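Trainee: Its first residue numbered 152, the sequence shown is counted upward by one per residue in mature numbering (1 follows the signal peptide of the UniProt record, and there is no 0).
Idealized CB from N, CA, C, for every residue including glycine.
Model, not experiment: these values are computed from the prediction.
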Amino acid sequence: YEPDTGPRVRVNQVGYLPSGPKNATVVTEATTALPWQLRSASGGVLASGTTTPRGVDPASAQNVHSVDFSSYRTAGRGLTLAVDGEVSHPFDISGTLYDQLRSDALQFFYIQRSGIAIDGDLVGEEYARPAGHLGVAPNQGDTDVPCQAGVCDYRLDVRGGWYDAGDHGKYVVNGGIATYQLLSTFERTKNAATAGFGTALGDGSLRVPERDNGVPDVLDEARWELEFLLRMQVPAGKPLAGMAHHKIHDRNWTGLPLQPEDDPEPRELHPPSTAATLNLAAVAAQCARLFAPYDKAFAQRCGTAAKTAYAAAKANPTRYADPADGNGGGAYSDSDVTDEFYWAAAELYLTTGERAYLTDLTASPHHTGDVFEPRGFGWASVAALGRLDLATVPNGLPAAELTRVRASVTTAADRYLAEIARQAYGLPMSGDAGSYFWGGNSNVINNAVVLATAFDLTGQAKYRDGAVQAMDYILGRNALNISYVTGYGEHAAENQHSRIFGHQLDPSMPKPPAGSLAGGPNADLQDPFVEQLLAGCAPMFCYVDDIASYSTNEVAINWNSALAWIASFLADQGDS
Ligand code: 9MR
């Protein structure tokens, strides 16, 4: 199988910020420097120079050169880069490049909502659909859901929330990190020196039903999931009260495409887990501090749930989700929850300032450990979330502690910068096959989040530039010459695995909406379609834009939340 990779000059197909770095990669047989030209839409030469030969890139097995045209800083549309007889896909140089992406990446969540009709007047008729999983036939959920056999003797109303990904499952651990990142997107603009807050993320900024209710829309969107997460908590008086059920989903996997309201499978609550409970504790604590100015009663409800959950997790510290519990939904199992404990303690401390949480936080092995892994944080690895918030959310840590916490962010960011410099495609993850795994695009972006946070903390441009370079990779500067974000770039992913966005299988159904991030190359080839098609692929080639490939090409809330965070950060840079 030979994918069509288009012109051999690889750029960020969306474009470059006028004052930001501008890097490209050229696939060529040449081993010595080549001339390059930056061209206007009409073909005029705007700048020129020579490439830097980089040898064979291990992740793509390609001989490549890099091009740095950062010194050109004039805004323009439809520019191209010409090298070695090839002309790149067109791109812009603009300070407003990321504004629409911020909005679209956040808008994805409304379209993923469960338990509410999606209003075509808000997001386009093609995305309009009746409410899913409100107990209306043929649905069997989610208003009165029983447990799996033998797990509990009660039923819960767990309506609402977001569908996790291309399936109709709702998982507390993954809902946790996604909600954290939306809340953090909001909180960052509130605290960062570069704040664009008030307009970009205020009330009326998104197309959600709650717009114009006096609450910033990103908080409204996060609340849709928060209300669901709160419903997943075991009621008082029941065994394991205060813990959260790990997940709720179909008893058996369904086929594609399938609109949520047509899903006939029985829905079941799965056992409570320590990880889910700590995810609930962490995001409910964030909720308590961020909603306080807008809705005191809701903030209080979140605060109580956070404390109850945290106490329940401490009383049941090793209830791990079963890794084999993967029929009809993802397992999301994790047998190390020390990082979840650290994250939850950090959020509770930041919200309440209470000594008990500080004590737990300080006693955690993660408090002094290096929480920033080379391959980025993710749903199973959340210590970084606590650390990033301790570094940026105003708090009462002693000054020396705060300095150490903040320095850990810049130290990690320096490592990611070194990695970016090492690689001709500019990734902040090591170039071996182990960096290309299920959902890895979100981990690349999460490393960019660390870089962006280092910029917010220090104001040093090199960190912002690193975050930009990571996004260059996501938006087209890669071996496949593809933008992994639907609707962004000349050649972009559009057939992501999803039961809702089934266009490839049924043209009457929509494609994924603009701003949907694909999981990305996965060298482990974990679905039958790519096992066949891509056997032997070089890591960066282990991806296909086909709806059948769930292990390389799904959409997911925790991936789009990373995209929303970084797009919001970069949109703020363009404005400044
Ligand atoms: O994102 C998850 C990834 O880290 C795991 O390796 C993978 C296999 O367990 O599962 C991914 O999550 C999927 C979940 O299990 C079910 N819903 C779709 C998710 C995205 O593919």
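For a test of your reading of the model: does the CB of W589 fall under 6 Å from any non-hydrogen atom of ligand 1? Yes or no.
Mentor: For ligand 1, at least one heavy atom lies less than 6 Å from the Cβ of W589.
Trainee: Name, in chain order, the residues that DSSP records as bridge partners for S217.
Mentor: For S217, which the question treats as bridged, DSSP gives the partners T176 and T203.
Trainee: Tell me the DSSP secondary structure of A344 in three-state form.
Mentor: Residue confidence is low: A344 scores 46 on pLDDT, short of 50, so the model does not pin down where it sits. Its coordinate-derived value is still stated next. Of the three classes helix, strand and coil, the one that applies to A344 here is coil, per DSSP.
Trainee: Per DSSP, which one or two residues make a beta bridge with W187?
Mentor: Beta-bridge pairing links W187 to G200 and V234.
Trainee: If you run the structure through DSSP and keep just helix, strand and coil, what is G349?
Mentor: For G349, the predicted structure reports a pLDDT of 46, less than 50, and the residue's modelled location is therefore unreliable. A value from the coordinates is still provided. Coil, per DSSP.
Trainee: What are the residues that DSSP puts in a beta bridge with V359?
Mentor: V359 is not bridged to any residue.
Trainee: Taking the continuous beta strand (DSSP E) assigned at L499, which residues delimit it?
Mentor: No beta strand (DSSP E) contains L499, which is instead part of the alpha helix (DSSP H) from T489 to T503.
Trainee: If I'm right that H654 touches Q164 with Cβ under 8 Å, what's the distance once you round it to whole angstroms?
Mentor: Contact flag wrong, Cβ pair sits at about 21 Å.
Trainee: Helix or strand or just coil, what does DSSP make of A707?
Mentor: Three-state DSSP puts A707 in a strand.
Trainee: Beta carbon of Y529, beta carbon of N592: below 7 Å?
Mentor: Checking the displayed sequence, the identity of residue 529 turns out to be Gly instead of Tyr. No; because the gap between Cβ atoms is not below 7 Å, this pair is not in contact.
Trainee: Does the Cβ of D401 lie closer than 6 Å to at least one heavy atom of ligand 1?
Mentor: D401: no, Cβ never under 6 Å from ligand 1.
Trainee: So, do the region 171-186 and the region 212-219 have three or more beta carbon pairs nearer to each other than 8 Å?
Mentor: Verdict: yes, contact present.
Trainee: Between P172 and S221, is the Cβ-Cβ spacing less than 7 Å?
Mentor: Going by C-beta atoms, P172 is nearer than 7 Å to S221.
Trainee: Is DSSP giving Y167 helix, strand or coil here?
Mentor: Residue state, collapsed to three classes: strand.
Trainee: Per DSSP, E419 forms a beta bridge with which residues?
Mentor: Paired residue(s): H400.
Trainee: Going by DSSP, which residues form a beta bridge with R264?
Mentor: Partner(s): W313.
Trainee: Mind listing, in chain order, the continuous alpha helix (DSSP H) runs of no fewer than 4 residues lying wholly within the region 538-568?
Mentor: Segments of the alpha helix (DSSP H) lying fully in the region 538-568: there are none.
Trainee: Is E570 near ligand 2 - that is, is its Cβ less than 6 Å away from at least one heavy atom of it?
Mentor: For ligand 2, the structure offers nothing, since it holds only ligand 1.
Trainee: Nearer than 6 Å: is that true of the beta carbon of E682 relative to any heavy atom of ligand 1?
Mentor: Checking the Cβ of E682 against ligand 1 gives no.
Trainee: Does ligand 1 have even one heavy atom less than 6 Å from the beta-carbon of G312?
Mentor: No; taking the cut-off as 6 Å, the Cβ of G312 has no heavy atom of ligand 1 nearer than that.
Trainee: How about G481: is its Cβ closer than 6 Å to a heavy atom in ligand 1?
Mentor: Yes.
Trainee: Tell me whether L721 sits in a helix, a strand or coil according to DSSP, three-state version.
Mentor: Three-state result, L721: helix.
Trainee: Tell me whether T225 is buried or exposed, calling it buried when 16 or more other Cβ atoms sit within 10 Å of its Cβ.
Mentor: Exposed, because fewer than 16 other Cβ atoms sit within 10 Å of the Cβ of T225.
Trainee: Using a Cβ-based criterion (distance less than 6 Å to any ligand heavy atom), does E376 qualify as near ligand 1?
Mentor: Result no, Cβ not under 6 Å from ligand 1.
Trainee: Who pairs with H648 in a beta bridge, going by DSSP?
Mentor: Its beta-bridge partners are E705.
Trainee: With DSSP as the reference, please indicate the residues paired to F242 in a beta bridge.
Mentor: Beta-bridge pairing links F242 to L230.
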